[in-house]
Amino acid sequence: MADDIATLIGQLQLDPQIVMVIAIVAIMVVGAVIVVVASRPILDIYPYLNPIAKVRARKGRLLNEKQMTEILESNNIEEVSSYLRGLPDYAPYLSEYSIEKSLDTHMADTYKYISTIVPNEIKDSFDVLATKADIANIKALLTAKEVGYSNEETSNLLLPSGSLYNDLDRLVDANSVNDVIAGLDGTEYGDILVDAIAKYEEEGSLLPFSNALDKYYLHKLLHSTKVPGNDNTKAIYSYIGTQVDMDNLKLIIRAKADGLDYDAVSPYLINEGYQIREWKLKDLMESDSVEGVISSLDGTKYAEILQEPLSNYNNGASIAVFENALDSYFADYSHSLSLEKPLGVGPIIGFLSGKEREIKNLKIIARAKREEGFPEAKIQEMLV
Amino acid sequence: MVEIVLGTALAAVGAGIAVGFAGLGSGLGQGMAAAGSVGAVAEDGDMFARGIIFSALCETQAIYGFLIAILLLVFSGLLGGKPIDNVAVGIVAVGAGAAVGFAGLGSGMGQGIVAGSSIGAIVENDDMFARGIIFSALPETQAIYGFLIAILLMVFGNILG
């Protein structure tokens, strides 16, 4: 072999030094190819390392089981409040607002914070999540105007977070629901609210506005991920898509419990769905009852999740049992997603779902502790 | 001015590969560990010292490559002394440089990923420090293999001594 190469070089009449240089250049080229190939996974991981450390620091501050039990064992709302005042994440809010407003504002600020630190490839989804505060504020403002709250009461309802906060705060002085909607002209919510006015006037309820805002939010959320993309965007799509499916399911179950038909609810469903596609949603809505909806889900992961709550519902429980079961499932599903990409979007999803669960549970405890003598066992059952 | 013969030129290539690739791996690794550390320090100022430790771990590959490169330069006559006039010995020098360079590249990148991840684990749970150090030290072994082989190549390839 070596002799053959030497003969070949001899036939080409190349200087051995030139051959050596060519060999070295070849080695360098191969080395460069190895570097590029080996560096590619690093380039995928690199943008996530900084945000991952930041969210894991916050994840480490999430309330553990012992702390949650201590809060649960508080005698009244004041004890809950003073416990949370001792925690650095909640203390700044509780010195200014009520418990519920503090929790909601903290959650809204968390969405905002996450949207500022995540890498660009997934930023759009978190930007949409951060608009939750705006939607909550619009709903609160419309409710306050419908009920006839004073300006001060209305102002107290608004979360001091979200990109529209200043605009909405100015609309506190508006005289009616229609004035609020007129004031939102030019924002991304202006047109969808105007479209819902006719239904609002016909029904005399704010539900059309609320449903239209929810539908717009979920539609935007579902379309915020770049799919097909890499594993990180796929995980985000799965996380968001499951949320959309669950919101659709909650809406359908609620509609069936109220005896509404497909035509009444379909405008508010996100038709694209994720795993529950349009034809399946129609199928579910054509069921006669809540039981029919659950049995139509056979073959999907949701059928198993909703079986146990169905027995409780049939025994007189409210439809909240379905919502709790779906929320618990979503928390577990998010946790499993968070373990799939430990050096990507996983820890971010893990933290966010952990924080959402914590806030939801704290709100349940706070609400229960306002009522004297509310049994702890009952609160425990309500926790996600 | 040293007269550079082919053997010496090959040793110079070996020195370049040694420090170049080892430095690349070390730099990428240190960049990842430091990116994680900055994120951790932003949330918890007490993480600064531990962040420095994990970021510094990825420095070793560059040191191994640097040492081998210096030895090659010294013993090939580039920094004075006797030049390598045998082409075969020059090729051994390239091999020594490639051993420590490529081993350092892989080791540095691997260590950076683990160190960056460990920082995230420690800032979430303080008890993870010792275990994080152990996991982060594991990818060091590949760089040590490369370094040892480079030394052996130089000793038995008539470069050292």
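First to last, the sequence lines map onto chains A and B.
Just so you know, we're using this note's numbering here: the first sequence kicks off at -8 and counts up by one.
Just so you know, we're using this note's numbering here: the second sequence kicks off at 34 and counts up by one.
Even glycine gets a Cβ: it sits at the ideal position worked out from N, Cα and C.
| Asked | Found |
| --- | --- |
| What's the call for residue 352 of chain A, buried or exposed, on a 16-neighbour Cβ count within 10 Å? | buried |
| Can the beta-carbon of residue 84 of chain B be found less than 9 Å from the beta-carbon of residue 95 of chain B? | no |
| Who are residue 233 of chain B's beta bridge partners in DSSP? | Residue 233 of chain B lies beyond the stretch modelled for chain B, which goes from 34 to 194, so this question has no answer here. |
| 9 Å is my cut-off, CB to CB: does residue 157 of chain B come that close to chain A? | yes |
| With a CB to CB cut of under 6 Å and the five nearest residues on each side skipped, what residues in its chain are close to residue 361 of chain A? | 68 |
| Is residue 54 of chain B helix, strand or coil when you go by DSSP? | helix |
| Output the distance between the C-alpha atoms of residue 54 of chain A and residue 241 of chain A, rounded to the nearest integer angstrom. | 28 Å |
| What's the call for residue 7 of chain A, buried or exposed, on a 16-neighbour Cβ count within 10 Å? | exposed |
| Going by beta-carbon coordinates alone, are residue 52 of chain A and residue 79 of chain A separated by less than 9 Å? | yes |
| Would you mind reading off the limits of the alpha helix (DSSP H) that contains residue 83 of chain B? | 81 to 90 |
| Assign residue 52 of chain A to one of three DSSP states: helix, strand, or coil. | coil |
| I want to see whether chain A comes within less than 9 Å of residue 118 of chain B, judged by CB atoms only; does it? | no |
| When you compare the CB of residue 125 of chain B with every CB in chain A, is at least one pair closer than 9 Å? | no |
| What do you reckon, are the CB atoms on residue 153 of chain A and residue 173 of chain A nearer than 9 Å? | no |
| Note down the Cα distance separating residue 119 of chain B from residue 45 of chain B, rounded to an integer number of angstroms. | 14 Å |
| What residues in its chain sit with their C-beta under 6 Å from that of residue 320 of chain A, if we drop five residues either side in the sequence? | 296 |
| Using the Cβ count rule (16 or more neighbours within 10 Å means buried), how would you classify residue 349 of chain A? | buried |
| Do we get a CB-CB distance below 9 Å when we pair residue 33 of chain B with the residues of chain A? | There is simply no residue 33 of chain B to check, as chain B begins at 34 and stops at 194 in what is shown. |
| Just the Cα atoms here: how many angstroms apart are residue 42 of chain B and residue 70 of chain B? | 41 Å |
| Should residue 116 of chain A and residue 233 of chain A be called a contact, given that it needs their Cβ atoms to be closer than 9 Å? | no |
| Determine, using beta carbons only, whether residue 92 of chain A comes closer than 9 Å to chain B. | no |
| Report the neighbours of residue 46 of chain B on chain A: residues whose CB is nearer than 8 Å to its CB, in chain order. | 15 |
| Could you tell me whether any Cβ in chain B is nearer than 9 Å to the Cβ of residue 41 of chain A? | yes |
| Please confirm if residue 231 of chain A has its CB atom under 9 Å from at least one CB of chain B. | no |
| With distances taken from CA atoms, which of A:142, A:36, A:277 and A:235 is nearest residue 222 of chain A? | A:36 |
| Is there at least one Cβ from chain A nearer than 9 Å to residue 76 of chain B's Cβ? | yes |
| Between residue 190 of chain B and chain A, is any beta-carbon pair separated by less than 9 Å? | no |
| How is the alpha helix (DSSP H) around residue 203 of chain A delimited, first residue to last? | 198 to 213 |
| Taking the continuous alpha helix (DSSP H) assigned at residue 150 of chain A, which residues delimit it? | Unbroken run through residue 150 of chain A: none, as it is neither H nor E. |
| To the nearest angstrom, how far is it from the Cα of residue 184 of chain A to the Cα of residue 329 of chain A? | 36 Å |
| Of all the CB atoms in chain A, is at least one closer than 9 Å to the CB of residue 64 of chain B? | yes |
| CA-CA distance, residue 306 of chain A and residue 281 of chain A? | 13 Å |
| State buried or exposed for residue 41 of chain A, treating a residue as buried only when at least 16 other CB atoms are found within 10 Å of its CB. | buried |
| Using a Cβ-Cβ cutoff of 9 Å, what residues of the segment 317 to 334 of chain A are near chain B? List them in chain order. | 333 and 334 |
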